[in-house]
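> Just so you know, we're using the working numbering here: the sequence shown kicks off at 30 and counts up by one.
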Amino acid sequence: MLNNLVAWAVIKGIILLKSDGTPWRPIVHIEDISRAFIAGLEAPREVIHNEAFNVGRSDHNYRIRDIAQIVADVVPGCRLELASDAGPDKRSYRVDFSKIARALPAFKPRWDARRGAEQLYEAYRRSNVTLEEFEGPRFQRIGHIKYLMANGLLDGRMRVTEPSGSLAAAE
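1. Out of curiosity, what's the CA-to-CA distance linking K41 and F163?
2. Fully enclosed by the stretch 152-181, which beta strand (DSSP E) runs are 3 residues long or longer?
3. Is L46 closer than 8 angstroms to V146 when the C-beta atoms are compared?
4. Between P166 and Y176, which are expected to be in contact by the criterion C-beta below 8 angstroms, what is the C-beta distance as a whole number of angstroms?
5. To the nearest angstrom, how far is the alpha carbon of E161 from that of V124?
6. In the stretch 58-99, which residue ranges form an unbroken beta strand (DSSP E) of at least 3 residues, counting only runs that do not cross its ends?
7. So, for A112: in the same chain, excluding its five sequence neighbours on each side, which residues have a beta-carbon less than 7 angstroms away from its beta-carbon?
8. What does the alpha-carbon distance come out to for the pair V84 and I174?
Right, dumping it as structure tokens:
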């Protein structure tokens, strides 16, 4: 969600909320996810074996409207708007990260939504990405999967159908 809001703000100059902004979303940066993997690899086996962990920090649960406001503060000249049909969104979730904090004390997330938005803003600004590119299969997970399937690179079970390296060539 943060990626999309920053991209729209940079490319179109608008942050369009399609809901009333009240639902909650956890935000975690890929570098923090990587730190969690490292902490897990370094932890004693008995601490992590057959365990699942939510990766992040409890104070990194944000309301969508708060994420949008962060983006509006970071991206100069953009405006924040509610879609004309914006209403409540039942897809709201807050995540409890206390288990990872207890089990893997070496895991220390360093990114929050503001830092992430700043990084995304700079990256999008430098890349000159267009809206068509951003909304196309290269940047959209489902669109990319559909593209790979349509071109015979993934089968119906999501298995690679071509020899190694072909997926990279498709991008």
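Quick reminder that beta carbons are idealized off the backbone N, C-alpha and C, glycines included.
Concretely, from the data shown:
1. Straight-line spacing of the CA atoms in K41 and F163 works out to 12 angstroms.
2. Here no run is fully enclosed.
3. Rather than Val, the amino acid found at residue 146 in this sequence is Ala. For A146 and L46, no; Cβs fall outside 8 angstroms.
4. The C-beta separation of P166 from Y176 comes to about 4 angstroms, placing the pair in contact by the 8 angstroms criterion.
5. C-alpha separation (whole angstroms): 33 angstroms.
6. Considered as a whole, the stretch 58-99 harbours 90-92 as its complete beta strand (DSSP E) runs of no fewer than 3 residues, in chain order.
7. Taken in chain order, the residues that qualify are L45, L46, K47.
8. Cα atoms of V84 and I174: separation of roughly 25 angstroms, rounded to the nearest angstrom.
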